[in-house]
Structures are given as structure tokens and as C-alpha cells.
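Each step along the sequence shown adds one to the number in the numbering used here, with nothing skipped, and position 3 is 6.
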Amino acid sequence: MSGYLRRLATTGAAYTAASIISKLIAVALLPLYTRYLTPADYGAAEVMFSAVVAASIIIRLGVVEALLRFYYKQGEEPAAVVSTSFATLFWAGLISVIVLMPFAGPISQLLLGESEPTLGRIAIVGLFVLTLSEYLLTIFRLDERARAFFAVTMLSVLITIPVTVILVVPLDLGAEGLLAGSYGTGLAIVLGLIFYNRRRLALAPDRPLLKRMMAFGLPTMPAELSLYSLSFIDRILIARKLGLAEAGLYSIAIKMSQGIAVLVRGFQLAFPPLAYSIQDDDEARLAYSAVVTWFVTVMAFVVSFLWLIAPWIVGLLAAPEFSEAAEVVGPVSAGAALYALYMVLLVVLGRTGRTEYNLPATIAGLVVNVGLNLLLLPLWGIIGAGVALVVSYLVVVVLMYIFTQRLFPVPYEWLRLVRVLLASAALVAIGEVFVPDDGLAWLAV
């Protein structure tokens with residue numbers, strides 16, 4: 004068992020390190036961006052970034068999820084799985100760009116409440132870039148080449164940052180500069196990775212194999228989209244109900260919760276290949292239980308830490324007009340932690356092949372999220388969005404737990420988990436009630 008944990012820690016550390024460095028650089032640039040961008044500009048860019056991720060989930064058709072499963076599946080040829088999945092995503096991305104480009108103006112009107120066709124066009128190109136980038140980085144994960152993953156991620160960051168700064172600061176392109184810097188340099192990285200992996204890729208899929216992969220992966224797409232919508236649709240509702248400036252504040256809170264986001268990202272990248280590679284079911288059950296215990300412990304500590312120091316982080320890294328974002332950093336961090344628990348349960352479900360159970364759970368969470376946002380946004384502002392996020396993720400996790408325990412029971416260590424959660428809740432409550440949120444002395448406390 005310790006071997007699996009060490010293996011997860013090794014690959015997860017490399018993925019997390021790449022995420023930590025890139026996120027730290029992004030956060031370090033917030034003092035610059037928040038002084039050259041208005042909250043409305045920042046909100047518009049973040050809404051479009053989120054929309055690109057949501058659209059990418061749709062056009063991926065669950066192929067990346069099927070790739071992770073079929074690459075290790077007995078009876079399947081790994082090389083054919085890789086080439087078929089690339090061909091599918093390449094054509095899906097290219098066709099999507101061609102179809103959507105004439106509607107750039109109406110799309111931006113729908114998302115932002117105002118027509119910004121240039122933002123829409125950049126985002127549509129970004130859809131192709133993000134889809135292929137996600138796939139090409141997955142190849143490194145399949146091979147457990149964590150160092151290569153780290154190197155490519157760092158190269159992307161080191162190219163993207165200076166280009167984006169030039170576009171935003173001296174050229175004063177605002178939200179357009181943020182999008183163009185990210186997706187323009189991303190396209191260069193994608194082309195380089197295609198050339199590097201050219202012998203493993205193809206433009207014509209193996210149709211029988213694709214049919215089997217789609218039968219597994221396609222049911223995961225609506226569920227993944229529904230789940231992502233929990234962290235995306237709230238920004239659209241905020242933009243439409245409260246304005247782009249409030250959407251900008253909420254997006255800053257999400258940026259400030261990067262401490263938990265990098266852990267979740269590293270875990271999300273490292274856990275599925277490890278989990279699916281364990282052939283024995285009883286061994287897998289014990290491994291999943293141990294992983295949940297240790298990861299929940301780490302996440303609980305990080306969430307508590309971010310929740311309590313949020314006012315100081317926002318005050319240090321953002322312009323004064325963004326200070327209200329601190330109020331929602333804690334709930335957003337807790338929501339990200341619940342998402343990581345969902346990832347464990349999703350892998351358990353994938354092991355059984357019963358991926359159709361994913362959709363009811365995520366749809367229920369989405370309905371709860373939309374309903375609570377409509378109810379709480381007028382009352383509590385962006386704090387209402389944070390509360391809605393936590394509750395909706397909790398609904399998803401509970402339902403997924405019920406489904407997976409019926410199909411593949413895992414002996415979770417409930418006593419330890421309850422102790423960790425109660426201790427974290429007590430720490431946050433004491434800090435919120437008794438510790439003021441300004442001054443260096445209180446930061447030390």
C-alpha cells in the first residue's frame with residue numbers, strides 16, 4: 004500500500020510543482036494586472052476563459068477520459084488508443100472553430116451581456132488550443148513522464164507571461180490582451196508537441212476502437228460539463244445579475260484560492276493513471292481508502308489556512324478596489340477541495356464501467372447551484388455564490404458516494420476523516436470570530 008502512496012506522491016509532486024510555479028507567477032502578476040485592468044475587464048476575461056473550458060469539455064466528447072481508461076485496459080492496443088483519440092479531438096476542435104467563428108459577437112453578448120466580437124474570436128481559437136493541449140499533456144501522464152510534463156508546463160508559462168504583460172501593459176489591450184497572450188502562446192506549444200509526438204499521432208481514427216471508447220467516454224461528458232458548470236455558471240450569473248465588476252471580484256477570489264487549486268490539479272493528473280493501473284480489486288479498495296484519508300487531511304489544512312489569511316493575501320496582491328474578494332476566498336477553497344473528493348469517486352465509478360451514474364449526481368449539483376445563486380446573489384452578493392458552490396459540490400459528492408458504494412464498496416476511514424473535518428471547522432470558526440483581519444500581529448496569530 005505504501006508503494007502506491009509513494010508512486011502517487013512522486014508523480015503528483017511533479018504535476019503539483021508545475022501547477023504551483025505557474026499559479027504563483029500568475030498570482031504574483033495580480034498587482035500589475037489589477038492596476039492596468041478594471042474589475043470589469045478582469046471579469047470579462049475570466050468569464051471567457053471559463054467559457055472556453057466549458058466548450059472544450061463538450062467537443063472532447065469524453066475522449067480524454069476514455070484515453071486514460073483504455074490505455075491500460077487489457078485487450079486494447081495502447082498505440083491505437085493514442086492515435087485514435089488524437090484524430091478525434093483534432094477534427095472536433097477544428098470543426099468547432101469553423102462553425103462558431105461567425106457567431107463570435109452573439110456568443111460574447113450571451114456570456115457578458117454586451118457584444119465583444121474580438122473577445123469572442125480569440126476565445127473560439129482558444130477552444131482549439133485548449134482541447135489539443137489537454138490531450139497532448141495527457142500523453143505524458145500516460146507514460147508517467149512527470150519531468151517532461153513539468154518542463155513543457157514551465158516552458159509554456161515562461162513564454163506566456165512576458166507576451167501577456169506586453170499586451171496588457173504597454174499595448175493596453177485589456178481583456179483582449181489576457182486572452183490573446185494565453186491562447187497565442189498556447190498554440191505555439193501545441194504545434195511543438197504535435198511535432199514531438201508525430202509518430203504516435205494520426206488524422207484517421209480506428210473506427211471500431213473509437214466506438215468502444217465513445218461508449219465509455221461519451222456518458223462522462225454531460226456529467227463533466229455539469230460539474231464544471233458549478234464553477235462557471237456562477238460567474239455568468241454574477242456578470243448578468245451583479246455586473247462584470249462583481250464577476251471580476253469573484254474571479255480574484257478564485258485566483259487567491261490557488262493553494263488548494265494546485266493540490267487538486269496535481270491530484271487530478273496523478274491519481275487516475277495510478278488508480279486504473281491497480282489490477283486487483285481488493286488492493287484497489289485499500290489504496291483508494293488510504294489516498295482519501297491522507298489527501299483530505301492535507302486539503303483541510305490548506306483550506307483552513309487560505310480561509311483565515313485571505314484578507315492579507317488580497318490586500319497584498321490586489322489593488323484596493325478588489326479588497327471585497329477576500330470575503331469569498333474561503334468558500335471557494337472549500338468547493339475546490341470537495342471537487343477533489345469527487346475526482347476520487349469518479350475514478351471508482353470509472354473502474355466499474357458504470358459511468359452513466361455520473362450524470363444524475365452532477366445534474367443535481369448543477370440544479371442546486373443555479374437555484375441557490377438565483378436566491379442568494381441578490382441577498383449576499385458574491386458570498387452567496389461561494390455558499391452555493393460549496394453546497395452544490397457537497398450534493399454531488401454525497402450522491403456519488405451512494406452510487407459508488409453500491410457498485411464498488413471502499414472501506415473509508417470515517418473516524419479519522421471526521422476528526423480532521425471537525426478540527427478544521429473549529430480552527431476556521433475560532434479565527435473568524437476572535438482574530439481581526441488586519442495588522443501584522445494578527446496575521447501571525
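Virtual Cβ for every residue (Gly too), placed ideally from N, Cα, C. Source: prediction; values computed, not measured.
| Check | Outcome |
| --- | --- |
| Coil, strand or helix - I197 by DSSP | helix |
| Short Cβ contact (7 Å threshold) for S292 with V421 | no |
| Beta-carbon gap between P275 and L71 smaller than 7 Å | yes |
| I60, DSSP secondary structure in three states | helix |
| Residue range of the unbroken alpha helix (DSSP H) whose run includes E435 | 417-437 |
| Continuous alpha helix (DSSP H) stretch holding P314: start and end | 284-320 |
| Three-state secondary structure (DSSP) of T355 | helix |
| Three-state class that DSSP yields for L113 in the structure shown | helix |
| Closest residue to L245 among W310, V370, L379 (Cα-Cα distance) | L379 |
| Nearest-angstrom Cβ-Cβ length linking R238 and S254, presumed shorter than 8 Å | 7 Å |
| Cβ-Cβ separation, I60 to E227 (assumed contact under 8 Å), whole Å | 5 Å |
| Between the CA atoms of A183 and G368 - distance to the nearest angstrom | 33 Å |
| R150 - containing alpha helix (DSSP H), residue span | 149-171 |
| Reduced DSSP category for E119 - H, G, I as helix; E, B as strand; rest coil | coil |
| Limits of the alpha helix (DSSP H) - the one that I253 falls within | Per the sequence presented here, residue 253 reads as Tyr, with Ile not at that position. Where Y253 is concerned, the enclosing alpha helix (DSSP H) stretches over 247-259. |
| Simplified DSSP assignment, three categories, for P222 | coil |
| First through last residue of the alpha helix (DSSP H) which encompasses M403 | 385-410 |
| Environment of K258 [buried if 16+ CB atoms lie within 10 Å] | buried |
| Three or more C-beta pairs below 8 Å linking the stretch 51-59 and the stretch 128-142 | yes |
| I98, buried or exposed, once every other Cβ within 10 Å from all chains shown has been counted against 16 | exposed |
| Residues near S118 by beta carbon distance below 8 Å, same chain, minus five either side | G108, P109, S111, Q112 |
| Contacting residues, own chain, Cβ-Cβ under 6 Å from A278 (five flanking each side not counted) | V350 |
| Secondary structure of L204, DSSP reduced to three states | coil |
| Span separating the alpha-carbon of V431 from that of T358 | 36 Å |
| Whole-angstrom C-beta distance between Y138 and S280, which should lie under 8 Å | That pair is no contact at about 20 Å. |
| Candidates L362, P120, A429, of which the one nearest A303 by Cα | A429 |
| Same chain, Cβ closer than 7 Å to G434, neighbours up to 5 away in sequence not counted | L311 |
| Distance between beta carbons of I241 and E249, contact taken as under 8 Å | 5 Å |
| Residues near V398 in its chain [Cβ-Cβ closer than 6 Å; skip 5 each side] | A367, G368, V371 |
| Proximal residues to S232 (C-beta, below 7 Å), its chain only, five neighbours per side dropped | A57, L369 |
| Per-residue DSSP class, three states only, for A447 | helix |
| Simplified DSSP state of V55, which is helix, strand or coil | helix |
| Three-way DSSP call (helix, strand, coil) for Y75 in this model | coil |
| Alpha-carbon spacing of V267 relative to G195, whole angstroms | 27 Å |
| Proximity to T365 [Cα-Cα], best of V401, P334, A339, E330 | V401 |
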